[in-house]
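One structure is given here, and the rest of the page talks about it.
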Amino acid sequence: MKKILLTFGMALVILNSYAQTEETKITELSLSEAIATGLDNNFSIKIEKQNIDIATRNNSWGQAGLYPSLTFNLSQGFSRTEINNPTSFVQGAIQSRNLQPSLSLNWTLFNGFNVQITKERLEFLQQQSVGNATIVIENSIQGIVEAYYTVRLQEEQLSIFERSLQLSKDKYNYSKLKGELGSAVTFDILQDKSAYLTDSSNYITQLYNVQNALRNLNLLLGIDVETSYDLTDSLTVQIQPFTLDELYARMVANNSNLKNQYINQEIFKRDIGIARSAMYPSISMTLGGSDNNQVQNLTKATFLNGNVGEAGIKSGNTNYNANFTLSFTIFNGGRIRRQIENARVNEQIAAIRVDELKQSLKNNLINTLEFYRLRARLYQIAIENRQTAEFNLTLGEDRYRNGTISSFDFRDLQLNYLRSALSELQTKYNLVESEVELMRLTGGILEEYETE
Numbered sequence: 004m005k006k007i008l009l010t011f012g013m014a015l016v017i018l019n020s021y022a023q024t025e026e027t028k029i030t031e032l033s034l035s036e037a038i039a040t041g042l043d044n045n046f047s048i049k050i051e052k053q054n055i056d057i058a059t060r061n062n063s064w065g066q067a068g069l070y071p072s073l074t075f076n077l078s079q080g081f082s083r084t085e086i087n088n089p090t091s092f093v094q095g096a097i098q099s100r101n102l103q104p105s106l107s108l109n110w111t112l113f114n115g116f117n118v119q120i121t122k123e124r125l126e127f128l129q130q131q132s133v134g135n136a137t138i139v140i141e142n143s144i145q146g147i148v149e150a151y152y153t154v155r156l157q158e159e160q161l162s163i164f165e166r167s168l169q170l171s172k173d174k175y176n177y178s179k180l181k182g183e184l185g186s187a188v189t190f191d192i193l194q195d196k197s198a199y200l201t202d203s204s205n206y207i208t209q210l211y212n213v214q215n216a217l218r219n220l221n222l223l224l225g226i227d228v229e230t231s232y233d234l235t236d237s238l239t240v241q242i243q244p245f246t247l248d249e250l251y252a253r254m255v256a257n258n259s260n261l262k263n264q265y266i267n268q269e270i271f272k273r274d275i276g277i278a279r280s281a282m283y284p285s286i287s288m289t290l291g292g293s294d295n296n297q298v299q300n301l302t303k304a305t306f307l308n309g310n311v312g313e314a315g316i317k318s319g320n321t322n323y324n325a326n327f328t329l330s331f332t333i334f335n336g337g338r339i340r341r342q343i344e345n346a347r348v349n350e351q352i353a354a355i356r357v358d359e360l361k362q363s364l365k366n367n368l369i370n371t372l373e374f375y376r377l378r379a380r381l382y383q384i385a386i387e388n389r390q391t392a393e394f395n396l397t398l399g400e401d402r403y404r405n406g407t408i409s410s411f412d413f414r415d416l417q418l419n420y421l422r423s424a425l426s427e428l429q430t431k432y433n434l435v436e437s438e439v440e441l442m443r444l445t446g447g448i449l450e451e452y453e454t455e
């Protein structure tokens, strides 16, 4: 009786766990929807978008220095002068107020093509910001795709464990029935019960693996980790006849990291031009104007003839100026030439980094391609192995019930099928993982998983 209660209790735990899992799967989620959600909620992508906005605003002729600067100044003053000098023709206090507005325009007409080169540099900086965002987006997409298919892998493995559990349950019930009829010994019944409990434990553990994989996916999507979804895209794969030459050409042309290094190299080239512009003369123009208005109060001042001054005596003057300045650095201790040489060295360093990155990416590409081919072969072998094991298991069920094979032999067939089925799913996932990595290396992951 205790054995029956234990078995019934284990079954209730399994069914309850599975029921809870089914109840929480209330929303369908495709892979494209998962990618769109993850990209919208990714904090790193949000930061990169802000950096793009900054670089876009900076990419202007005004930031490069093409336009003049216009300055308006306004000053107001008050003064009081006490005169107590016998030789002066006026004695007493003189009060005055003045208001002086001025307007000045400064414009650099030529500074060795610095403006044009700076504008080009700003354009490349904007492209670099977009490239940085692209790298973050590609890495995010790769992570989401792998996490999404990990959930599907765990769910499909759960189905395999469920089938194995059902077989063990049927076999255990069959052994108990034979025991009641007196055609099975207690040892065989206990062996079947042990197999059933083992498969029950495996099934419950796999339920946890499914939920854990789903929580990891939710974490990448930036949503509540307890949110459950019914994933609609299945784990499918089609072996591609990739060639190294084709992939390498695509990588050199489209790899985002390599593109950013090319842009960085162009930025350093512009730095050389900016440093060289200091060797040219600079021509600037200044235009200005000011208006000085003054009001004096002489009511507290006395002139030599004894008369008292008047209030509100106004005076003023207006000034205009126009200046053209030509400046040319004849010698400053070789500072300009050192800046030019340093800029050239930085460009050479950037070129070396491009070559280094190319070599590193090519090595990664070769390794990933070889790994993809290996995983493709392993997947094909796993398919054939699973098919063979499944066929043997089907034959074994009939032979077990006919008494042709023992309980031990049937359990071996069952475990062999379980291992081969799980291996097939794992090798399929591994193949998808390698294909996604090849897409990222060759710059095609955005096109493959493009979302609106």
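Here the sequence shown stands for residues 4 to 455, where the numbers follow the numbering used here.
Using N, Cα and C, we set each Cβ at its ideal position, and we do this for glycine too.
These figures come from a predicted structure and were not determined experimentally.
- Taking residue 408 as the centre and dropping the five residues before and after it, the same chain places the C-beta of 399, 402 closer than 7 angstroms to its C-beta, in chain order.
- In this structure, residue 71 and residue 117 do not form a Cβ contact; the two beta carbons are roughly 15 angstroms apart against a cut-off of 8 angstroms.
- Residue 155 counts as buried, since no fewer than 16 other beta carbons sit within 10 angstroms of its beta carbon.
- Across the set 107, 68, 290, 357, the C-alpha of 107 shows the shortest separation from the C-alpha of residue 75.
- Within the region 242-280, the alpha helix (DSSP H) runs of at least 4 residues that lie entirely inside it are, in chain order, 247-257, 259-279.
- Residue 323 is bridged by DSSP to 292.
- Considered as a whole, the region 359-426 harbours no complete run of any alpha helix (DSSP H) with no fewer than 4 residues.
- Apart from the 5 residues on each side of it in sequence, residue 392 sits with its Cβ closer than 6 angstroms to the Cβ of 419, 420, 423 in its chain, given in chain order.
- In this structure, 122 is the residue among 230, 122, 358, 152 with its C-alpha nearest to the C-alpha of residue 274.
- Assignment of residue 229 by DSSP, reduced to helix, strand and coil, places it in the coil class.
- DSSP links residue 104 through a beta bridge to 77.
- Within 10 angstroms of the beta-carbon of residue 359 lie fewer than 16 other beta-carbons, which makes it exposed.
- DSSP places residue 82 within a strand segment (E or B) once states are collapsed to three.
- No Cβ-Cβ contact shorter than 8 angstroms links residue 136 with residue 269.
- In this structure residue 440 is buried. Its beta-carbon is surrounded by 16 or more other beta-carbon atoms within 10 angstroms.
- From the listed residues 173, 189, 131, the smallest Cα separation to residue 202 is found for 173.
- For a cut-off of 8 angstroms, the C-beta gap from residue 449 to residue 140 is around 7 angstroms, short enough to register as a contact.
- In this structure, residue 375 keeps its C-beta atom at 8 angstroms or more from the C-beta atom of residue 190.
- A Cβ-Cβ contact shorter than 8 angstroms links residue 111 with residue 287.
- With contacts defined by Cβ atoms closer than 8 angstroms, residue 130 and residue 293 do not form a contacting pair.
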